[in-house]
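A.B. asks: Structure incoming, see below.
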DNA sequence: GCTCTGACTGACTAGTCAGTCAGCTAGGTA
DNA sequence: TACCTAGCTGACTGACTAGTCAGTCAGAGC
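Protein chains in written order, with the numbering used here: chain C, 65 to 262; chain V, 65 to 262.
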């Protein structure tokens, strides 16, 4: 935190979570970080640069937080469940991370520079899920008849879709969590009596 | 189309599909519609009004188009499949409709006035899916053990999630369509030999 | 003490954009 | 004919914003 540049990036993330990526103003970020707006241009060439680096900063931080949240769970199935439930939780930090991610996602539709970044972290998210499912199969908790790639992509899609509904407030956290656990059970053909959460 | 107001709304939708909701400029809309920017203020009080009415206009139009696309399909299961596949298709018109919907969705996160509108059309979309699943059960193509509400919400979420991936170009149309058909089969417990598309 | 440098600021500029306003025009009415 | 009104426009304005720039200041090195 001693680092000014990092402080500015964190302030930027807070502003994006509050106002949206397009609603981000250099003046607002400067006020949030307690510095002059000229300093922002000292560390970042343009507003677009600041935005992009803030997105990447948030992405790395969210990855680390997710990693940390699942490491000490013994089974792969348990880690998968926890991973997919993280962003459905009521924890404000994860809500902001998720909102940042959605903003990055949709900004990338109109900005090719961002699109590359999004594709990369999107792929790593999917790989992480797929890796856990493969581990779970090795541990014997996932039937061999499951098509792992299909299951992975559909699970990722369900979580994304429900996450969006959470942001707009059309669904509750508990309901989303139930539906995600059910989706994992369905996709991986897990018997009802083995579906308890880790 | 004779109606100027409608012409302006359609122009607005085209601009949103091209530049995003936040990227919408009154001047751009005016040029797109071939009128003066002052005329926009003659029909719509503010930019926010224009945006909101354009979203609602697009929503109604998309509903009608979807309705029209499924009416002449004989079975409820077939209508459900077609309905959920529409926005995964490569058809540019539906891509724009879908993009508009995503823009409306994410704008509503930061704008309470829009949120109400989004909740309403979101609910009607979910109800439409649920209605078709209930019809399919009456027609005997869906097992009685399926929890219809869970299946509905998860199917809606999968379609939303895959739709987002389509917009950002992280998945192909064909792949998305396959995954959606698979999700319908899984959620409704449809035997593999009865899964052919309508 | 002197000089140099990196971090930082206040004041400014050039440009953009939503919204306003006075007024034009064609078609209808008295 | 004179008058009215709906539809429409060009020119304008005030608010806002990204980015620039000259200059301040504390501390490191000599």
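The beta carbon of each residue, even a glycine, is placed where N, CA and C say it ideally should be.
Which residues of chain C have a Cβ atom closer than 9 Å to the Cβ of residue 183 of chain V, listed in chain order?
C.D. replies: Position 119 of the second chain, counting from 1, holds the residue named residue 183 of chain V. Going along chain C in sequence order, the residues near residue 183 of chain V (Cβ under 9 Å) are 232, 233, 234.
A.B. asks: Could you have a look at residue 146 of chain C and say whether DSSP puts it in helix, strand or coil?
C.D. replies: What you label residue 146 of chain C is simply residue 82 of the first chain in a count that begins at 1. Residue state, collapsed to three classes: helix.
A.B. asks: Verify whether the separation of the beta carbon atoms of residue 189 of chain C and residue 231 of chain C is less than 9 Å.
C.D. replies: Locating residue 189 of chain C in the first chain gives position 125, counting from the first residue. Locating residue 231 of chain C in the first chain gives position 167, counting from the first residue. Not closer than 9 Å, so no.
A.B. asks: Which residues, in chain order, does the region 154 to 180 of chain C contribute to contact with chain V at a C-beta distance below 9 Å?
C.D. replies: 163, 166, 167, 169, 170, 171, 172, 173, 174, 179
A.B. asks: Do you know whose CA, among C/114, C/145, C/127, lies nearest residue 240 of chain C's CA?
C.D. replies: The residue you call residue 240 of chain C lines up with position 176 of the first chain. Ranking the options by Cα distance to residue 240 of chain C, first place goes to C/145.
A.B. asks: Which residues in the same chain as residue 203 of chain V place their Cβ atom closer than 8 Å to its Cβ, once the five residues preceding and following it in sequence are excluded?
C.D. replies: Sequence index remark: in the second chain, residue 203 of chain V carries index 139 (1-based). Counting only Cβ-Cβ distances below 8 Å, and skipping sequence neighbours, we find 139, 140, 141.
A.B. asks: Note down, in chain order, each residue of its chain lying with its Cβ closer than 6 Å to the Cβ of residue 158 of chain C, except the 5 sequence neighbours on either side.
C.D. replies: Translated into positions along the first chain, residue 158 of chain C becomes position 94. Result list for residue 158 of chain C: 150, 151, in chain order.
A.B. asks: Secondary structure at residue 226 of chain V, three-state DSSP: helix, strand or coil?
C.D. replies: Along the second chain, read from residue 1 onward, the residue named residue 226 of chain V stands at position 162. Three-state DSSP puts residue 226 of chain V in a helix.
A.B. asks: Please name the residue, chosen from V/217, V/126, V/71, that lies closest to residue 164 of chain V on a Cα-to-Cα basis.
C.D. replies: The residue labelled residue 164 of chain V in the question sits at position 100 within the second chain. When each option's Cα is compared against that of residue 164 of chain V, the closest is V/126.
A.B. asks: For residue 234 of chain V versus residue 218 of chain C, is the C-beta spacing smaller than 9 Å?
C.D. replies: Here the question's residue 234 of chain V lines up with position 170 in the second chain. Here the question's residue 218 of chain C lines up with position 154 in the first chain. Between residue 234 of chain V and residue 218 of chain C, the C-beta gap is not smaller than 9 Å, which leaves the two residues out of contact.
A.B. asks: Quick one: which residues of the region 212 to 231 of chain V get their C-beta closer than 8 Å to a C-beta of chain C? List them in chain order.
C.D. replies: 214, 217, 218, 220, 221, 222, 223, 224, 225, 226, 228, 229, 231
A.B. asks: My guess is that residue 111 of chain V and residue 96 of chain V are in contact by the Cβ rule of under 8 Å, so how many angstroms apart are they, rounded?
C.D. replies: On the second chain, residue 111 of chain V is found 47 positions in, with the first residue counted as 1. On the second chain, residue 96 of chain V is found 32 positions in, with the first residue counted as 1. That pair is no contact at about 14 Å.
A.B. asks: Going along chain C in order, which residues have a C-beta closer than 7 Å to the C-beta of residue 74 of chain V?
C.D. replies: Counted from its first residue, the second chain places residue 74 of chain V at position 10. Result: empty, since nearest Cβ-Cβ is about 20 Å, beyond 7 Å.
A.B. asks: What are the start and end residues of the alpha helix (DSSP H) that includes residue 158 of chain V?
C.D. replies: Working through the second chain from its first residue, we reach residue 158 of chain V at position 94. Where residue 158 of chain V is concerned, the enclosing alpha helix (DSSP H) stretches over 156 to 174.
A.B. asks: With burial defined as no fewer than 16 other Cβ atoms inside 10 Å of the residue's Cβ, what is the status of residue 170 of chain V: buried or exposed?
C.D. replies: Taking the first residue of the second chain as position 1, residue 170 of chain V is located at position 106. Buried.
A.B. asks: Check the Cβ of residue 209 of chain C against every Cβ in chain V and list those closer than 7 Å, keeping chain order.
C.D. replies: Along the first chain, read from residue 1 onward, the residue named residue 209 of chain C stands at position 145. Under a criterion of Cβ atoms nearer than 7 Å, no residue of chain V is adjacent to residue 209 of chain C; the nearest Cβ is some 11 Å distant.
A.B. asks: Could you tell me the alpha carbon to alpha carbon distance between residue 72 of chain C and residue 104 of chain C, rounded to whole angstroms?
C.D. replies: For this step, residue 72 of chain C is matched to residue 8 along the first chain. For this step, residue 104 of chain C is matched to residue 40 along the first chain. One C-alpha to the other measures close to 8 Å.
A.B. asks: Looking only at C-alpha atoms, which of V/237, V/238, V/208 sits nearest to residue 252 of chain V?
C.D. replies: Start at 1 with the first residue of the second chain, and residue 252 of chain V comes out as number 188. It is V/208 whose Cα lies nearest to the Cα of residue 252 of chain V.
A.B. asks: Counting only beta-carbon separations shorter than 9 Å, does residue 259 of chain V have a partner in chain C?
C.D. replies: Locating residue 259 of chain V in the second chain gives position 195, counting from the first residue. Contacts with chain C at 9 Å (Cβ-Cβ) do not include residue 259 of chain V.
A.B. asks: Please go through the same chain and pick out, in chain order, the residues whose beta-carbon is closer than 7 Å to the beta-carbon of residue 215 of chain V, but skip the five residues on each side of it.
C.D. replies: As a working mapping, residue 215 of chain V is identified with position 151 in the second chain. Cβ neighbours of residue 215 of chain V beyond the five flanking positions: 197, 251, 252.
A.B. asks: Can you give the Cα-Cα distance for residue 174 of chain V and residue 84 of chain C, rounded to whole angstroms?
C.D. replies: The sequence position of residue 174 of chain V within the second chain is 110, counting from 1. The sequence position of residue 84 of chain C within the first chain is 20, counting from 1. If you take the alpha carbons of residue 174 of chain V and residue 84 of chain C, they lie about 7 Å apart.
A.B. asks: Cβ atoms of residue 115 of chain V and residue 147 of chain V: under 9 Å apart, would you say?
C.D. replies: The residue labelled residue 147 of chain V in the question sits at position 83 within the second chain. The residue labelled residue 115 of chain V in the question sits at position 51 within the second chain. It is not a contact, given that the beta carbons lie outside the stated cut-off.
A.B. asks: Is the CB-CB distance between residue 92 of chain V and residue 118 of chain V below 9 Å?
C.D. replies: Start at 1 with the first residue of the second chain, and residue 92 of chain V comes out as number 28. Start at 1 with the first residue of the second chain, and residue 118 of chain V comes out as number 54. No, these two residues do not count as a Cβ contact at 9 Å.
A.B. asks: Note down, in chain order, every chain C residue with its Cβ under 8 Å from the Cβ of residue 251 of chain V.
C.D. replies: Indexing the second chain from 1 puts residue 251 of chain V at position 187. Chain C residues near residue 251 of chain V: 250.
A.B. asks: Starting from the Cα of residue 86 of chain V, find the closest Cα among V/168, V/244, V/102, V/213 and give me that residue.
C.D. replies: One-based indexing of the second chain puts residue 86 of chain V at position 22. Nearest of V/168, V/244, V/102, V/213 to residue 86 of chain V, Cα basis: V/168.
A.B. asks: Assuming residue 237 of chain C and residue 154 of chain C make a contact with CB atoms under 8 Å, what is their CB distance in whole Å?
C.D. replies: Looking up residue 237 of chain C in the first chain gives position 173. Looking up residue 154 of chain C in the first chain gives position 90. Yes, residue 237 of chain C and residue 154 of chain C are in contact; Cβ-Cβ is about 5 Å, under 8 Å.
A.B. asks: For residue 188 of chain V, which residues in chain C fall below 9 Å Cβ to Cβ?
C.D. replies: Indexing the second chain from 1 puts residue 188 of chain V at position 124. None at all; the shortest Cβ gap to chain C is about 12 Å.
A.B. asks: Residue 241 of chain V versus chain C: which residues are under 7 Å apart at the beta carbon?
C.D. replies: Stepping through the second chain from its first residue, residue 241 of chain V is reached at position 177. The contacting residues do not exist; residue 241 of chain V stays about 12 Å from chain C at best.
A.B. asks: Interface residues of chain V around residue 83 of chain C at Cβ under 9 Å?
C.D. replies: In the first chain, the residue the question calls residue 83 of chain C occupies position 19. Within 9 Å Cβ-Cβ: 174.
A.B. asks: Can you determine whether any heavy atom of the ligand SAM sits closer than 8 Å to the C-beta of residue 206 of chain C, and answer yes or no?
C.D. replies: Ligands are entirely absent from the displayed structure, and the ligand SAM is therefore not among its contents.
A.B. asks: Take residue 67 of chain C as the anchor and find which of C/81, C/101, C/107 has the nearest alpha-carbon.
C.D. replies: Position 3 of the first chain holds residue 67 of chain C. When only C-alpha atoms are compared, the closest one is C/107.
A.B. asks: Would residue 221 of chain C pass as a contact of residue 243 of chain V if the rule is Cβ separation under 9 Å?
C.D. replies: The residue labelled residue 221 of chain C in the question sits at position 157 within the first chain. The residue labelled residue 243 of chain V in the question sits at position 179 within the second chain. Yes, they are a contact pair.
A.B. asks: At the level of alpha carbons, what is the spacing between residue 223 of chain C and residue 133 of chain C?
C.D. replies: Reading the first chain from its first residue, position 159 is the one you call residue 223 of chain C. Reading the first chain from its first residue, position 69 is the one you call residue 133 of chain C. Each residue's Cα considered, the two are about 17 Å apart.
A.B. asks: Does the distance from the CB of residue 194 of chain V to the CB of residue 212 of chain V come in under 9 Å?
C.D. replies: Here residue 194 of chain V refers to the residue found at position 130 of the second chain. Here residue 212 of chain V refers to the residue found at position 148 of the second chain. Their beta carbons are under 9 Å apart, which means residue 194 of chain V touches residue 212 of chain V by this criterion.
A.B. asks: Would you kindly check if the distance between the Cβ of residue 137 of chain V and the Cβ of residue 205 of chain V is under 9 Å?
C.D. replies: By one-based count along the second chain, residue 205 of chain V stands at place 141. By one-based count along the second chain, residue 137 of chain V stands at place 73. Against a cut-off of 9 Å, the Cβ pair of residue 137 of chain V and residue 205 of chain V comes out as no contact.
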